[in-house]
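To keep things clear, I will list the structure first and then write my remarks on it.
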Amino acid sequence: MLRTRRSRTLATATAVLLSLAATGCSKNAGGSDTAGSGSGTKAAAPITLAGSVTFNQANLAKLDAALKSALAGKDLSKVDIAMVVNVAADYWKAGQVGFLKGCSDLGIAKSKCTYFAPPNGKLTEQNSELETLRSQGVTGYSISAIDPTSAAGTIHTDVQKGISVLAIDSPLPGTDAASLYLGTPNYTAGFQAGTAMKQVLGGKGKVAILVGSLTASNATQRIAGFEAALKGTKITVAQKVNDNLQASTATSDAETILANNPDVNGLYGVYSYDGPALAQAVTSAGKTASVHIVSDDSDAQTLKFIKSGVISGTVVQMPYQQGYTGAYILAAEKVLGKDKTMALVKPYLEKDGSTLSSGVGLVTKSDLGAYQSLESQLGIG
Numbered sequence: 068m069l070r071t072r073r074s075r076t077l078a079t080a081t082a083v084l085l086s087l088a089a090t091g092c093s094k095n096a097g098g099s100d101t102a103g104s105g106s107g108t109k110a111a112a113p114i115t116l117a118g119s120v121t122f123n124q125a126n127l128a129k130l131d132a133a134l135k136s137a138l139a140g141k142d143l144s145k146v147d148i149a150m151v152v153n154v155a156a157d158y159w160k161a162g163q164v165g166f167l168k169g170c171s172d173l174g175i176a177k178s179k180c181t182y183f184a185p186p187n188g189k190l191t192e193q194n195s196e197l198e199t200l201r202s203q204g205v206t207g208y209s210i211s212a213i214d215p216t217s218a219a220g221t222i223h224t225d226v227q228k229g230i231s232v233l234a235i236d237s238p239l240p241g242t243d244a245a246s247l248y249l250g251t252p253n254y255t256a257g258f259q260a261g262t263a264m265k266q267v268l269g270g271k272g273k274v275a276i277l278v279g280s281l282t283a284s285n286a287t288q289r290i291a292g293f294e295a296a297l298k299g300t301k302i303t304v305a306q307k308v309n310d311n312l313q314a315s316t317a318t319s320d321a322e323t324i325l326a327n328n329p330d331v332n333g334l335y336g337v338y339s340y341d342g343p344a345l346a347q348a349v350t351s352a353g354k355t356a357s358v359h360i361v362s363d364d365s366d367a368q369t370l371k372f373i374k375s376g377v378i379s380g381t382v383v384q385m386p387y388q389q390g391y392t393g394a395y396i397l398a399a400e401k402v403l404g405k406d407k408t409m410a411l412v413k414p415y416l417e418k419d420g421s422t423l424s425s426g427v428g429l430v431t432k433s434d435l436g437a438y439q440s441l442e443s444q445l446g447i448g
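Spelled out as structure tokens, the structure:
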């Protein structure tokens with residue numbers, strides 16, 4: 068019913084997604100491009116990956132329309148919302164664009180829509196921002212918590228004060244914000260990454276996993292899904308390394324792993340910056356032909372390494388929608404109340420009754436052009 072520019076853009080984007088799904092996207096994800104500038108090393112031999120882009124755009128567009136319709140004619144002047152993420156990474160730029168676009172489409176002043184990314188990915192930085200938001204009278208915020216356990220007390224205090232808290236990117240089990248999670252079903256995403264790794268390694272080998280946190284729910288669920296996909300194969304997980312949200316640490320850790328473990332032939336990078344960090348390490352080691360990388364997310368550098376064949380495939384999500392739909396939900400909870408908002412959200416939840424999926428897919432070399440076209444249409448390319 069909503070004939071806005073954003074609706075037309077989303078309809079076009081959804082058509083692209085359906086077209087991708089119809090093709091099966093089962094083409095070559097490898098290639099023989101050189102592996103990085105100046106390396107002179109050819110990338111891994113061609114490997115067939117079943118790439119797919121199956122985001123939840125159509126359902127979320129319906130939910131957005133329902134929420135906007137329910138808010139029509141209501142006073143939104145007291146809505147003051149924020150999006151608080153876990154690290155200042157390229158991945159979250161799409162979330163920021165979506166969040167601010169959601170605020171704009173609802174007519175909420177930009178000054179009442181705060182986006183915050185901890186410059187160094189530190190818990191103290193995130194906690195300090197939450198204190199600032201509370202003191203400034205925020206009515207609700209979405210959060211990708213660096214440490215869900217540590218955040219539980221703060222979230223409880225905020226919810227008791229009437230502040231809406233929405234979990235994005237990583238669920239918040241055991242907290243007052245456990246009832247609704249907007250983001251990727253992380254176990255499913257990890258399983259898709261593991262399936263891709265199983266394909267590129269031919270069912271045998273040794274893999275190391277590098278991640279920004281070994282305690283965050285999104286990380287533990289993704290790793291669990293990844294390992295589940297490897298069951299029944301001759302692939303073993305040799306190491307799980309915490310890089311503490313630092314790309315430079317991820318690179319040096321990968322370099323150490325490759326130097327000390329010559330039989331490691333697969334690397335899985337769980338956080339958005341891990342893909343490029345691992346690709347740099349593999350390129351420096353001259354092992355692009357023997358070590359396969361599967362990563363998460365679609366940072367610009369990740370997509371460059373997909374194009375060159377250094378990264379075999381990357382599991383992608385839709386942070387744009389976490390920002391956009393997140394803004395709608397937070398505004399609705401302030402104006403309509405939580406019960407009425409949840410009644411509108413409920414038909415779109417996953418079977419667990421709490422996950423509102425922003426979608427998950429796998430981009431390989433064959434899907435890259437279409438995926439970048441989609442990003443451009445959403446204004447996040």
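As numbered in the working numbering, residues 68 to 448 make up the sequence shown, in order. All residues carry an ideal CB built from backbone N, CA and C; glycine is no exception.
* Cβ pair count under 8 Å reaching 3, the region 264–280 against the region 322–336 -> Contact holds: three or more Cβ-Cβ distances are below 8 Å.
* Host beta strand (DSSP E) of Phe122 (start-end) -> Here Phe122 belongs to no beta strand (DSSP E), and DSSP marks it neither H nor E.
* When burial is assigned at 16 or more other CB atoms within 10 Å of the CB, is Leu191 buried or exposed? -> The question names Leu, but residue 191 in the sequence shown is Thr. Per the 10 Å Cβ criterion, exposed.
* Asked: In terms of residue numbering, what span does the alpha helix (DSSP H) encompassing Val152 cover?
  -> Bounds of any alpha helix (DSSP H) do not take in Val152, whose DSSP letter is neither H nor E.
* Are Gly204 and Phe258 closer than 7 Å when you measure CB to CB? -> no
* Using the Cα positions of Leu441 and Asn327, report the straight-line distance between them to the nearest angstrom. => 41 Å
* Asked: DSSP on Gly428, reduced to helix/strand/coil?
  -> strand
* Output the boundary residues of the beta strand (DSSP E) element that contains Ser351. => That residue, Ser351, is in no beta strand (DSSP E); its alpha helix (DSSP H) goes 341–351.
* Return the CA-CA distance between Met264 and Ser433, expressed in angstroms with no decimal places. => 17 Å
* **Contact under 7 Å by Cβ, Ser209 with Ile235** => yes
* Asked: Is Gly188 closer than 7 Å to Val154 when the C-beta atoms are compared?
  -> yes
* **N- and C-terminal bounds of the alpha helix (DSSP H) containing Leu397** => 386–402
* Please list, in chain order, all residues of the same chain as Gly91 whose beta carbon is under 7 Å from its beta carbon, the five residues on each side excluded. => Model confidence at Gly91 stands at a pLDDT of 38, short of 50, so the residue's coordinates are unreliable; what they give is reported in the following sentence. The answer is none, since no qualifying residue turns up.
* If I'm right that Glu400 touches Gly269 with Cβ under 8 Å, what's the distance once you round it to whole angstroms? => Wrong, their Cβ atoms sit about 49 Å apart, outside the cutoff.
* Asked: Helix, strand or coil: which one does DSSP assign to Thr206?
  -> coil
* N-terminal and C-terminal residue of the beta strand (DSSP E) that Gln306 is part of -> 301–309
* Asked: If you run the structure through DSSP and keep just helix, strand and coil, what is Lys135?
  -> Correct three-state label for Lys135: helix.
* Asked: What residues in its chain sit with their C-beta under 6 Å from that of Thr262, if we drop five residues either side in the sequence?
  -> Ala296
* To do: Starting from Ser379, follow the beta strand (DSSP E) in both directions and report where the run begins and ends.
  => 378–383
* Which residue from Gly436, Lys405, Ala437, Val383 puts its Cα closest to that of Ser424? -> Val383
* To do: Would you kindly work out how many angstroms separate the C-alpha atoms of Glu196 and Lys177, rounded to a whole number?
  => 18 Å
* To do: Consult DSSP for Asn327 and reduce its assignment to one of helix, strand or coil.
  => helix
* **Nearest-angstrom Cβ-Cβ length linking Leu249 and Gly393, presumed shorter than 8 Å** => 6 Å
* Check Val412 in the structure and name its three-state DSSP category. => helix
* contact_flag[the region 312–323, the region 370–382] where n(CB pairs < 8 Å) is 3 or more -> no
* Cα-Cα, which of Gln193, Gly229, Thr181, Ser231 is closest to Ala218? -> Gln193
* Asked: Going along the chain, which unbroken runs of the alpha helix (DSSP H) with 4 or more residues stay wholly within the region 169–195?
  -> none
* Could you check the C-alpha separation between Ala283 and Gly420 for me, to the nearest Å? => 21 Å
* Do Ser237 and Asn285 have their C-beta atoms within less than 7 Å of each other? -> yes
* According to the neighbour-count rule (16 or more other Cβ atoms, all chains shown, within 10 Å of its Cβ), is Glu294 buried or exposed? -> By the 10 Å Cβ count, Glu294 comes out buried.
* Would you identify the three-state DSSP class for Ile213, choosing helix, strand or coil? => Reduced to three states, the DSSP call for Ile213 is coil.
* Kindly give me the distance between the Cβ atoms of Gly426 and Asn123, rounded to whole angstroms, as I take these residues to be in contact under 8 Å. => 4 Å
* Mind checking Ala184: buried by the 16 CB within 10 Å criterion, or exposed? -> buried
* Please classify Ala321: is it buried, with 16 or more other beta-carbons within 10 angstroms of its beta-carbon, or exposed? => buried
* Asked: Along the chain, which unbroken stretches of the beta strand (DSSP E) at least 3 residues long are found entirely within the region 226–261?
  -> 231–235, 248–250
* Would you call the CB atoms of Thr422 and Pro186 closer than 7 Å? -> Not in contact: Thr422 and Pro186 (Cβ atoms no closer than 7 Å).
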